[in-house]
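J.: Residue numbers (this note's numbering), protein chains in the order written: chain X, 4 to 286; chain U, 52 to 346. Beta carbons: idealized from backbone N, C-alpha and C, even for Gly.
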């Protein structure tokens, strides 16, 4: 077991690292084929990692609900959403059939009954009566969604998500809206934080503050407009561009070189088995 | 005076939020139409695409999700219009899981674009011949290396499920080394991987469109001409829309250009906030020093 857990990963990392490093310097057909094989493996493993991540996420939330840890209600919502979106992906065409909508209503009511049971079960023992009803509705919903609806539509003949399909609707009207809203909130927090925290306490902070203000104004049309005011002659976009292309680029280049040299060092440590933390610390 | 300074320094954040809301909403309702001109970074990207021969293949990677959609998605639309008008052939893919829906929607909106008479702008375009949409594949750098070997092996099917090996586009352009240009539209750090694993490896020119937050980190690559062009944030996209003539194509103010007024006002407000807060901070500090001296 120690060989499988500790020694084999080190051997694999060493062989893969050395082979791919050598491949880069060998311009032959065999070398290209080696790269092709490794690349294909990497893509397959990335797909596997994606599934592993999903299973891990489901396991985490399932355990949280089962143990009724604080905030388990959010996990219920996560699991329901996960299941609903995953199922909706199986139906890429526009829902034109009544059976899907009726099935979804049944599944939705069943989900609500399950949540009601989980919330009330500690206080009200009779809440268990909700479960058979929820089970019946869920069974009918699944029968309609997974059997009757696909039969009606001759589903699974197309792979592309069609406009107007349930998945497309969820993506556009729920996911896009929520994700964009979350990111948009940043504007409000940044404005508030700028007012409260951005202070010229030291010379360095003052330089950062002045540069930040110039770049902020120079990177929007109003910066150009300010330069056109008679007698001002301040070309803010040019100053902003100079800041970004010179002091900023120089600092970024230094950071990048540091990061890349560190990556080389870490890669060598992994290849030669010195760095083993990627294997995890437990048994 | 002192109480006023203290009150202003501790102003309720909801007041700040309300002003930001007004700065965003009012220009969208009543546009100011502040003029702007393209910067060198954006013009370089645009000129590179303009200089490509008709029929050349451009790889467009749509590595962005809904969170950065206002900054990046209009860039994808403008770039597609530019490609189709120049008879270039884009191969579109995405390396982020929330990208396929947006890329497909953008592609469809361009393919369905119509002129004033209601005719399709690009009626003769055929998938697999004039363009290809490959969709999403997990793996990041592995996918970049994979398409360096072969498009059809890495993406055996396109997004519609059609076999790529049967498509004329991929018979002519079997691998990344055969494309003329790489354009990464990204909200994440993928341009830094596209450069070594694709552009530098295959010796292909590359430009990047990214969010305003991440543009600063790409300037070293632009300064060294590893990125030929750099389209940063919504302002960069608006400049690209201006160069592409998107207002004439769409017959309305394009999306990123429309956001410029709101962005200008919000930036002015933030700069004024910083200046006012610092003036108040120094006045307040002077009061505190005076208190200390008087005991």
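Chain U beta carbons: is any one of them nearer than 8 angstroms to that of residue 38 of chain X?
T.: Stepping through the first chain from its first residue, residue 38 of chain X is reached at position 35. Among the residues facing chain U, residue 38 of chain X is included, as its CB has a counterpart in that chain under 8 angstroms away.
J.: Examine the ligand ATP and report whether any of its heavy atoms sits within less than 7 angstroms of the Cβ of residue 226 of chain X.
T.: Here there are no bound small molecules, and the ligand ATP is not part of this structure.
J.: Once DSSP output is grouped into helix, strand and coil, what is the label at residue 197 of chain U?
T.: Here residue 197 of chain U corresponds to residue number 146 of the second chain, with the count starting at 1. Of the three classes helix, strand and coil, the one that applies to residue 197 of chain U here is helix, per DSSP.
J.: Helix, strand or coil: how does DSSP classify residue 168 of chain U here?
T.: In the second chain, residue 168 of chain U corresponds to position 117, counting from 1. Residue 168 of chain U falls in the coil class under three-state DSSP.
J.: For residue 78 of chain X, count neighbouring C-beta atoms within 10 Å of its own C-beta (all shown protein chains included) and say buried if the count is 16 or more, exposed if not.
T.: Indexing the first chain from 1 puts residue 78 of chain X at position 75. By the neighbour-count rule (16 or more Cβ atoms within 10 Å), residue 78 of chain X is buried.
J.: Hey, residue 118 of chain U and residue 238 of chain U: beta-carbon distance below 8 angstroms or not?
T.: For the purposes of this step, residue 118 of chain U is taken as the residue at position 67 of the second chain. For the purposes of this step, residue 238 of chain U is taken as the residue at position 187 of the second chain. Between residue 118 of chain U and residue 238 of chain U, the C-beta spacing is below 8 angstroms.
J.: How about residue 305 of chain U and residue 125 of chain U: do their beta carbons lie closer than 8 angstroms?
T.: One-based indexing of the second chain puts residue 305 of chain U at position 254. One-based indexing of the second chain puts residue 125 of chain U at position 74. Between residue 305 of chain U and residue 125 of chain U, the CB-CB gap stays under 8 angstroms.
J.: Short check: CB of residue 313 of chain U to CB of residue 74 of chain U, under 8 angstroms?
T.: Mapped onto the second chain, residue 313 of chain U falls at position 262. Mapped onto the second chain, residue 74 of chain U falls at position 23. Cβ distance < 8 angstroms, so residue 313 of chain U and residue 74 of chain U count as in contact.
J.: Can the beta-carbon of residue 271 of chain U be found closer than 8 angstroms to that of residue 252 of chain X?
T.: Start at 1 with the first residue of the second chain, and residue 271 of chain U comes out as number 220. Start at 1 with the first residue of the first chain, and residue 252 of chain X comes out as number 249. Yes, the pair counts as a contact, with Cβ atoms nearer than the cut-off.
J.: With a threshold of 16 other CB atoms inside 10 Å of the CB of residue 209 of chain U, please say whether the residue is buried or exposed.
T.: Against the second chain, residue 209 of chain U aligns to sequence position 158. Classification of residue 209 of chain U: buried, given that the 10 Å Cβ count is 16 or more.
J.: Nearest-angstrom Cα distance between residue 54 of chain U and residue 332 of chain U?
T.: As a first step, residue 54 of chain U must be located in the second chain, where it is residue number 3. As a first step, residue 332 of chain U must be located in the second chain, where it is residue number 281. Going by the C-alpha atoms only, they are around 13 angstroms apart.
J.: Does residue 91 of chain X come within less than 8 angstroms of chain U when only Cβ atoms are used?
T.: The residue labelled residue 91 of chain X in the question sits at position 88 within the first chain. Closer than 8 angstroms: no.
J.: Can you find the residues in the same chain that come closer than 6 angstroms, C-beta to C-beta, to residue 114 of chain X, ignoring five residues on each side of it along the sequence?
T.: Counting from 1 along the first chain, the entry for residue 114 of chain X is found at position 111. Excluding sequence neighbours, residue 114 of chain X sits near 83.
J.: Using the beta-carbon of each residue, which ones in chain X are nearer than 9 angstroms to residue 120 of chain U?
T.: Position 69 of the second chain, counted from the start, is the residue given in the question as residue 120 of chain U. Near residue 120 of chain U (Cβ distances below 9 angstroms), the residues of chain X are 179, 182, 183 and 186.
J.: Please classify residue 62 of chain X as buried or exposed, where buried requires at least 16 other C-beta atoms within 10 Å of its C-beta.
T.: For the purposes of this step, residue 62 of chain X is identified with residue 59 of the first chain, where counting begins at 1. Result: exposed.
J.: To the nearest angstrom, report how far apart residue 211 of chain X and residue 155 of chain U are at their CA atoms.
T.: Here residue 211 of chain X refers to the residue found at position 208 of the first chain. Here residue 155 of chain U refers to the residue found at position 104 of the second chain. Distance between the alpha carbons of residue 211 of chain X and residue 155 of chain U is about 41 angstroms.
J.: Kindly indicate if chain U contains any beta-carbon less than 8 angstroms away from that of residue 30 of chain X.
T.: Here residue 30 of chain X refers to the residue found at position 27 when the first chain is read from its first residue. Cβ-Cβ to chain U under 8 angstroms: no for residue 30 of chain X.
J.: Do the stretch 101-115 of chain U and the stretch 141-161 of chain U meet, that is, are 3 or more Cβ pairs less than 8 angstroms apart?
T.: At 8 angstroms Cβ cutoff, the stretches touch.
J.: Say whether chain U places a C-beta atom closer than 8 angstroms to the C-beta of residue 25 of chain X.
T.: One-based indexing of the first chain puts residue 25 of chain X at position 22. Answer no: the Cβ-Cβ gap between residue 25 of chain X and chain U never drops below 8 angstroms.
J.: Are the C-beta atoms of residue 321 of chain U and some chain X residue less than 8 angstroms apart?
T.: Counting from one through the second chain, the residue named residue 321 of chain U turns up at place 270. Taking Cβ atoms only, chain X reaches closer than 8 angstroms to residue 321 of chain U, which makes this a yes.
J.: Which runs of the alpha helix (DSSP H) at least 4 residues long sit entirely within the stretch 161-229 of chain X? Give them in chain order.
T.: 169-173, 180-200 and 206-221
J.: Rounded to a whole number of angstroms, what is the C-alpha to C-alpha distance between residue 215 of chain U and residue 173 of chain U?
T.: Here residue 215 of chain U refers to the residue found at position 164 when the second chain is read from its first residue. Here residue 173 of chain U refers to the residue found at position 122 when the second chain is read from its first residue. Looking at the two C-alpha atoms, the distance is approximately 22 angstroms.
J.: Could you please give the first and the last residue of the uninterrupted beta strand (DSSP E) stretch that includes residue 145 of chain U?
T.: The residue you call residue 145 of chain U lines up with position 94 of the second chain. Counting along the chain, the beta strand (DSSP E) containing residue 145 of chain U begins and ends at 140-145.
J.: What are the residues of the stretch 210-228 of chain X that lie near chain U, defined by any Cβ-Cβ distance shorter than 7 angstroms?
T.: 212, 216, 219, 220, 222, 223, 224, 225, 227 and 228
J.: Go ahead and label residue 84 of chain U buried or exposed: buried means 16 or more other beta carbons lie within 10 angstroms of its beta carbon, across all protein chains shown.
T.: As a working note, residue 84 of chain U is residue 33 in the second chain. Exposed, by the Cβ-count rule.
J.: Would residue 261 of chain U and residue 283 of chain U be called neighbours here (beta carbons separated by less than 8 angstroms)?
T.: Residue mapping note: residue 261 of chain U aligns to position 210 of the second chain, counting from 1. Residue mapping note: residue 283 of chain U aligns to position 232 of the second chain, counting from 1. Yes, they are a contact pair.
J.: With respect to the alpha helix (DSSP H) encompassing residue 52 of chain U, which residues constitute its N-terminal and C-terminal limits?
T.: What you label residue 52 of chain U is simply residue 1 of the second chain in a count that begins at 1. Unbroken run through residue 52 of chain U: none, as it is neither H nor E.
J.: Would you report the Cα separation of residue 199 of chain X and residue 67 of chain U, rounded to the nearest angstrom?
T.: Here residue 199 of chain X refers to the residue found at position 196 of the first chain. Here residue 67 of chain U refers to the residue found at position 16 of the second chain. Annotation: residue 199 of chain X to residue 67 of chain U spans about 11 angstroms, alpha carbon to alpha carbon.
J.: Taking the straight line between their C-alpha atoms, what separation do you get for residue 249 of chain X and residue 85 of chain X?
T.: The residue labelled residue 249 of chain X in the question sits at position 246 within the first chain. The residue labelled residue 85 of chain X in the question sits at position 82 within the first chain. Rounded to whole angstroms, residue 249 of chain X to residue 85 of chain X spans 47 angstroms at the Cα level.
J.: Check distances from the C-beta atoms of the stretch 124-135 of chain X to those of chain U and list, in chain order, the residues that come in under 7 angstroms.
T.: Cβ proximity to chain U below 7 angstroms picks out nothing from the stretch 124-135 of chain X.
J.: Give a yes or no on contact between the stretch 7-20 of chain X and the stretch 267-275 of chain X, applying the rule of three or more CB pairs nearer than 8 angstroms.
T.: yes
J.: With C-beta atoms as the reference, is residue 140 of chain U less than 8 angstroms away from residue 106 of chain U?
T.: The residue given as residue 140 of chain U occupies position 89 in the second chain. The residue given as residue 106 of chain U occupies position 55 in the second chain. Against a cut-off of 8 angstroms, the Cβ pair of residue 106 of chain U and residue 140 of chain U comes out as a contact.
J.: Run through chain U and tell me which residues come within less than 7 angstroms of residue 42 of chain X, C-beta to C-beta.
T.: Within the first chain, numbered from 1, the residue matching residue 42 of chain X stands at position 39. What residue 42 of chain X touches in chain U: 193, 196, 197 and 200.
J.: Run through chain X and tell me which residues come within less than 7 angstroms of residue 18 of chain U, C-beta to C-beta.
T.: Outside the shown range of chain U, which is 52 to 346, sits residue 18 of chain U, and nothing can be said about it.
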